[in-house]
Amino acid sequence: MSAAKNGNNIVPRAGIIGWPVDHSRSPLIHNAWLRQLDIGGYYDHCPIAPEADFRAALEAMARRGFIGANVTIPHKETAFQAMDYCDASARHLRAVNTICFRGGEIIGSNTDGAGFIASLTIAAEIAEETTNKVANKNIGWADKPVLVLGAGGAARAIVAALAEHGVPEIRLANRTRSKAEALSHLAPVGHIRIVDWVTRAPAGKDCGLLVNASSLGMRGHPPLDMPLDTLAPQALVSDIVYAPLQTPLLRAARAAGLWPVDGLGMLMHQAALSFQQWFGILPPVDNVLRHRLLADLEEA
Ligand code: NAP
Numbered sequence: 038m039s040a041a042k043n044g045n046n047i048v049p050r051a052g053i054i055g056w057p058v059d060h061s062r063s064p065l066i067h068n069a070w071l072r073q074l075d076i077g078g079y080y081d082h083c084p085i086a087p088e089a090d091f092r093a094a095l096e097a098m099a100r101r102g103f104i105g106a107n108v109t110i111p112h113k114e115t116a117f118q119a120m121d122y123c124d125a126s127a128r129h130l131r132a133v134n135t136i137c138f139r140g141g142e143i144i145g146s147n148t149d150g151a152g153f154i155a156s157l158t159i160a161a162e163i164a165e166e167t168t169n170k171v172a173n174k175n176i177g178w179a180d181k182p183v184l185v186l187g188a189g190g191a192a193r194a195i196v197a198a199l200a201e202h203g204v205p206e207i208r209l210a211n212r213t214r215s216k217a218e219a220l221s222h223l224a225p226v227g228h229i230r231i232v233d234w235v236t237r238a239p240a241g242k243d244c245g246l247l248v249n250a251s252s253l254g255m256r257g258h259p260p261l262d263m264p265l266d267t268l269a270p271q272a273l274v275s276d277i278v279y280a281p282l283q284t285p286l287l288r289a290a291r292a293a294g295l296w297p298v299d300g301l302g303m304l305m306h307q308a309a310l311s312f313q314q315w316f317g318i319l320p321p322v323d324n325v326l327r328h329r330l331l332a333d334l335e336e337a
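Below is the structure:
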């Protein structure tokens, strides 16, 4: 279904909007799918400076033939304000990571939370398959409390998605407590318990899932100090930081016999859900793509 094969000259274009944006792996992911699925077209880095007129920049992209775009830091909230229409996912978060240019309108949605849950579900299935072979045990992370560390843009999408997924309790710890408190509205009343950053270790008691959604552990940032011994046996430990991919937290989880879930799953699944909106096909999130990303991260 490439443009050439279709017999029309419209080359589908999409891209990632951010500032700075050249570090983004999104072009690698989407261009791999465009080639693999023989769609043609390409996906670019699209830098937009924070002081630019965001809406005017989007309109210019639409005129240049873009069918869609992803949005990253620092524009997700600005993008929400600039849309003609937003779906429920973006309205709930008041942030947009996926834009569609359709029928003269600019439409926003947010695939971050759904991408996170997809990656977690697959990781849990793999863990369950492995465990069942050994001990016939159920991982059951979604039936237990979860502990989320961080209250930035990524944590916001993750907290909302976990609440929607129906986990019984979300414990939320952030260095700046007031920012965690500001996320309380993302779940039904009483569903989120804000805990002080310094009490994050005891707050992990009996949790079936720990998520590091802070920048700690990311290259250039201090490591995350988080003991894992209070978590439930067989807990999943998710670190959404992906540069580096194998963070000290994930290594500690493995050493403690817990299930590490790295940040590439979320990255690939949120991208797949955006791609589906633009091209109508849910692209494969497989080991070929994962290895391509790993090689690129190792080179960096
Ligand atoms: P953000 O909005 O800037 O939020 C950063 C968070 O980290 C805040 O909660 C901040 O706490 C906390 N933090 C920063 N330095 C800290 C420190 N020294 N001690 C304790 N907490 C600290 O960033 P974001 O967009 O949410 O991204 C967070 C991380 O997730 C980044 O590493 C990013 O690359 C990664 N990420 C991964 C994916 C994926 O697909 N895998 C997607 C999005 C983001 P304060 O509120 O106190 O400042």
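Be aware that the sequence shown starts at 38, since it is given in the numbering used here, and climbs by one per residue.
Just so it is clear, CB atoms sit at the ideal spot from N, CA and C, and this is done for glycine as well.
Computed from a predicted structure; not experimentally measured.
A straight line joining the alpha-carbon of Arg237 with that of Arg128 spans about 30 Å. Using a cutoff of 6 Å, the CB of Gly300 counts as near ligand 1, since one of the ligand's heavy atoms is closer than that.
Set against 6 Å, the gap from the CB of Asn134 to the closest heavy atom of ligand 1 is not smaller. Looking at Asp121, Pro84 and Ala125, the one whose alpha-carbon comes closest to that of Val108 is Pro84.
Within the segment 108-169, the runs of beta strand (DSSP E) at least 3 residues long that lie entirely inside it are, in chain order, 135-139 and 142-146. Sequence-distant partners of Asp276 (beyond 5 residues in either direction) whose C-beta falls short of 7 Å from its own C-beta, in its chain, are Asn249, Gly254, Thr284, Leu286, Leu287, Asp299 and Gly300. In the DSSP assignment, Ile231 falls outside any alpha helix (DSSP H) and lies within the beta strand (DSSP E) extending over Ile229 to Asp233.
Residue side-chain check: Val108 keeps its Cβ at 6 Å or more from all non-hydrogen atoms of ligand 1. Put simply, the backbone Cα of Pro87 is about 11 Å away from that of Ala116. About 7 Å separates the beta carbon of Gly52 from that of Phe103, a gap short enough to meet the 8 Å contact definition.
In the three-state scheme derived from DSSP, where H, G and I count as helix and E and B as strand, Arg101 is classed as coil. The segment 305-318 makes no contact with the segment 288-296: fewer than 3 CB pairs, one atom from each, lie closer than 8 Å.
Contact annotation: the segment 220-232 does not touch the segment 251-268, with fewer than three C-beta pairs closer than 8 Å.
At least one heavy atom of ligand 1 is found less than 6 Å from the C-beta of Arg212. The residue among Ile318, Gly245 and Arg100 with its C-alpha nearest the C-alpha of Phe138 is Arg100. With fewer than 16 other Cβ atoms from the protein chains shown falling within 10 Å of its own Cβ, Gly177 counts as exposed.
Ala106 sits in a strand when the DSSP states are folded into three classes. With a threshold of 6 Å, the Cβ atom of Ser215 does not count as near ligand 1, since no heavy atom of the ligand is closer than that. DSSP, reduced to helix, strand and coil, places Pro84 within a strand of the structure shown. In this structure, the straight-line span from the alpha carbon of Pro260 to that of Phe153 is close to 22 Å. Cβ contact annotation for Asp243 (same chain, cutoff 7 Å, sequence separation greater than five): Lys181, Pro182 and Ala269, in chain order.
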